[in-house]
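Everything below concerns the one structure shown next.
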Amino acid sequence: MKPTALVVGSTLAGLTTALRLGQRGYAVTLIEHAEPRDHISARHTSSDHAIPLVLMGGHTATRALLETLGTSNDVQLDDQIGFELLLSDHRLIRLRRPPLPAPLHALAGLAIFAGMPARDRWRFLMWVERTWEQDPALQVDLDSHTAEAWLRGIGQSEYARAHIWSPLSRFLLGDDVNTVSAAVLLTTLMRHFLSSRSHSQLAIPLLSMDQLLHEPMRQALLDMGGTIQTEFVDRIAFNMQRVTGIQPMTDNLRVADWYIVALPHQCVPTLLPERLLTRFSYFQHIGELADTPAVAVHLWIDEAVQSPRLILLAGRTFHWICLKRVADTRQTHAVLMMTGPSGSDRSDEDLLKSAEEDLRTALPAMSKSRRISHHIVRAPRASLSMRPGMTAHRPLQQSPFPNLFFAGEWTDTGIAATVESAVVSGERCAHAILDKSVE
Numbered sequence: 020m021k022p023t024a025l026v027v028g029s030t031l032a033g034l035t036t037a038l039r040l041g042q043r044g045y046a047v048t049l050i051e052h053a054e055p056r057d058h059i060s061a062r063h064t065s066s067d068h069a070i071p072l073v074l075m076g077g078h079t080a081t082r083a084l085l086e087t088l089g090t091s092n093d094v095q096l097d098d099q100i101g102f103e104l105l106l107s108d109h110r111l112i113r114l115r116r117p118p119l120p121a122p123l124h125a126l127a128g129l130a131i132f133a134g135m136p137a138r139d140r141w142r143f144l145m146w147v148e149r150t151w152e153q154d155p156a157l158q159v160d161l162d163s164h165t166a167e168a169w170l171r172g173i174g175q176s177e178y179a180r181a182h183i184w185s186p187l188s189r190f191l192l193g194d195d196v197n198t199v200s201a202a203v204l205l206t207t208l209m210r211h212f213l214s215s216r217s218h219s220q221l222a223i224p225l226l227s228m229d230q231l232l233h234e235p236m237r238q239a240l241l242d243m244g245g246t247i248q249t250e251f252v253d254r255i256a257f258n259m260q261r262v263t264g265i266q267p268m269t270d271n272l273r274v275a276d277w278y279i280v281a282l283p284h285q286c287v288p289t290l291l292p293e294r295l296l297t298r299f300s301y302f303q304h305i306g307e308l309a310d311t312p313a314v315a316v317h318l319w320i321d322e323a324v325q326s327p328r329l330i331l332l333a334g335r336t337f338h339w340i341c342l343k344r345v346a347d348t349r350q351t352h353a354v355l356m357m358t359g360p361s362g363s364d365r366s367d368e369d370l371l372k373s374a375e376e377d378l379r380t381a382l383p384a385m386s387k388s389r390r391i392s393h394h395i396v397r398a399p400r401a402s403l404s405m406r407p408g409m410t411a412h413r414p415l416q417q418s419p420f421p422n423l424f425f426a427g428e429w430t431d432t433g434i435a436a437t438v439e440s441a442v443v444s445g446e447r448c449a450h451a452i453l454d455k456s457v458e
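Here it is, written out as structure tokens:
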């Protein structure tokens with residue numbers, strides 16, 4: 020008889036786990052957790068619809084998953100797409116990637132980056148050299164400090180911190196250097212810019228995450244004989260040693276050999292008995308996780324861009340812009356992102372006005388273009404906050420119960436809570452279950 024697995028949540032992490040287990044012959048049931056009507060207002064807006072999909076070469080697990088699904092041809096890394104930075108004086112400067120092996124390509128690119136004052140470039144390169152030689156060694160407590168404090172400590176000027184490092188931090192981690200952990204920012208920079216030349220390449224696909232990942236995985240799961248159901252999960256049932264089932268609100272207890280909860284972290288405590296929340300530090304840590312909000316203004320413009328672009332903004336209302344051509348049209352889809360709490364209370368009219376101003380400033384050639392339509396998305400829980408100390412609260416995928424796992428970008432994957440983290444988390448859940456099945 021096939022081993023059975025029950026996955027609660029059709030998130031990217033949940034679908035990844037379900038797909039990998041299905042490929043190994045497990046009978047998988049995926050429950051799409053739907054809250055009753057009187058709970059819907061409390062749910063956060065899905066970040067999938069707020070944050071445009073921008074992949075980097077360092078997202079190796081996501082790229083491998085796209086290969087598996089047959090959608091990788093729609094997500095091509097492109098040397099023509101680079102990090103462009105709009106400075107406060109309205110200059111648009113691109114971070115170059117010289118044709119050198121890693122990490123020289125990144126260091127040489129920084130050395131010639133005209134957007135950063137020469138003194139800041141020199142100080143950062145000197146810090147890299149001294150750290151490489153362990154003179155002094157890298158601080159071991161960086162996760163207890165903000166990136167702002169770390170950058171100030173290695174001699175980065177206030178201008179560089181505010182106008183170079185903060186825009187990059189907002190794109191990579193969803194918040195500025197005053198908020199994010201120094202360790203997380205440094206780890207992310209090393210992963211994407213210093214480990215491999217290809218890791219800093221960008222891909223801005225025309226298709227959405229649903230089209231590239233979610234829908235193909237759902238179809239693949241069904242093709243393998245998996246089951247997908249939509250229900251409101253009321254609670255997880257336990258005995259003293261293990262999970263005994265998943266209890267929907269209006270149906271009988273669902274039982275399986277393995278259980279994977281792939282929901283946003285704030286949904287987890289509501290599914291657990293109070294005695295577990297107080298007894299296990301594992302679940303208490305989940306309750307300590309926090310999110311950062313974002314606002315996305317989507318603009319459709321009657322002028323086509325030649326190729327996708329990513330522009331980081333310094334000293335503007337919005338923090339970065341993603342532009343891509345609308346397939347089979349002469350239109351451009353521009354998404355202007357504002358991360359952090361600053362946009363939460365602003366009216367739609369104010370956001371739209373600021374978005375158009377920032378787009379005109381970044382791309383004066385589009386000043387005369389006509390806006391065809393727009394859409395504003397507010398995501399109060401767009402991404403996991405990467406503030407100091409948060410890493411210690413991110414749980415492993417394996418819970419204290421041997422047949423219960425948690426999948427999500429918010430779990431401990433060793434990387435920031437991104438699309439890549441969600442895929443890695445799902446893969447690790449599947450691998451852990453497969454390993455336990457042969458014990």
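Residues 20 to 458 (the working numbering) are what the sequence shown spells out, left to right.
For each residue, glycine too, the CB sits at the ideal point set by N, CA and C.
Because the structure is a prediction, the values reported are computed rather than measured.
Apart from the five residues just before and just after residue i, which ones in its own chain have a Cβ nearer than 8 angstroms to its Cβ?
| i | result |
| --- | --- |
| V324 | L342, K343, R344 and T351 |
| V262 | I255, A256, Y278, F420, N422 and L423 |
| S185 | D195, V196, N197 and A333 |
| K21 | G44, Y45 and A46 |
| Q266 | V252, D253, R254, I255, A256, L272 and R273 |
| A156 | T150 |
| S188 | A166, D194, D195, V196, V199 and L204 |
State the Cα-Cα distance for the pair residue i and residue j, rounded to the nearest angstrom.
| i | j | result |
| --- | --- | --- |
| P117 | I131 | 10 angstroms |
| G174 | T30 | 41 angstroms |
| V27 | V396 | 26 angstroms |
| R82 | D229 | 15 angstroms |
| F102 | S326 | 13 angstroms |
| L106 | N271 | 59 angstroms |
| D67 | D154 | Model confidence at D67 stands at a pLDDT of 44, short of 50, so the residue's coordinates are unreliable and nothing is read from them. |
| L403 | T90 | 27 angstroms |
| R138 | W146 | 12 angstroms |
| A98 | Q220 | Residue identity check: residue 98 is Asp in the sequence provided, not Ala. Approximately 6 angstroms between the Cα atoms of the pair. |
| I452 | A181 | 45 angstroms |
| L114 | L282 | 37 angstroms |
| S215 | E368 | 43 angstroms |
| H412 | T348 | 46 angstroms |
| A441 | P122 | 27 angstroms |
| H393 | F299 | 46 angstroms |
| L88 | H233 | 10 angstroms |
| Y178 | T79 | 33 angstroms |
| L213 | G244 | 43 angstroms |
Relative to the C-alpha of residue i, which residue among the options is closest?
| i | options | result |
| --- | --- | --- |
| T249 | R379, L221, M268 and D93 | M268 |
| A436 | L308, A24 and V316 | L308 |
| P292 | Q303, A181 and L34 | Q303 |
| M75 | V94, T87 and L88 | V94 |
| Q260 | I434, G245 and L295 | L295 |
| L126 | G134, R140 and P136 | R140 |
| A202 | V314, V442 and M409 | M409 |
| V73 | L191, P120, E152 and H164 | L191 |
| R400 | C286, L371 and L129 | C286 |
| S217 | L96, L161, G172 and Y301 | L96 |
Considering residue i, what are the terminal residues of the beta strand (DSSP E) in which it resides?
| i | result |
| --- | --- |
| M357 | T351 to T358 |
| R210 | Premise fails: R210 is in no beta strand (DSSP E) and is neither H nor E. |
| R254 | V252 to F257 |
| E103 | F102 to L105 |
| T48 | A46 to H52 |
| L25 | T23 to V27 |
For residue i, report the span of its alpha helix (DSSP H) as first-last.
| i | result |
| --- | --- |
| A80 | T79 to L88 |
| Q238 | E234 to D242 |
| D377 | D367 to A381 |
| S185 | S185 to L192 |
| R180 | First-last for R180: undefined, no H or E at that position. |
| Q42 | L31 to Q42 |
| L170 | A166 to G172 |
When you compare the CB of residue i with every CB in chain D, is at least one pair closer than 9 angstroms?
| i | result |
| --- | --- |
| L161 | Structure shown: chain D not included; a single protein chain is present. |
Can you list, in chain order, the residues of its chain whose CB lies under 7 angstroms from that of residue i, leaving out five sequence neighbours each side?
| i | result |
| --- | --- |
| S444 | A32, Q416, A426, G427, E428, T430 and T432 |
| A374 | V316, L318, F337 and L355 |
| R406 | T198, V199 and S200 |
| L38 | M236, A239 and L240 |
| A346 | L225 |
Ignore the nearest five residues each way along the sequence and tell me which others in residue i's own chain have a CB closer than 6 angstroms to its CB.
| i | result |
| --- | --- |
| R328 | L342 |
| V280 | V27 and F425 |
| G193 | T311, T358 and S402 |
| T23 | A46, A275 and D276 |
| K455 | none |
Which full runs of the alpha helix (DSSP H) of 4+ residues lie inside the segment 259 to 345, going along the chain?
293 to 298 and 300 to 307
Identify every run of the alpha helix (DSSP H) within the segment 387 to 445, keeping only runs that are complete inside it and at least 4 residues long; order them along the chain.
none
Sequence ranges, alpha helix (DSSP H) only - wholly within the segment 110 to 153, length at least 4:
123 to 130 and 137 to 151
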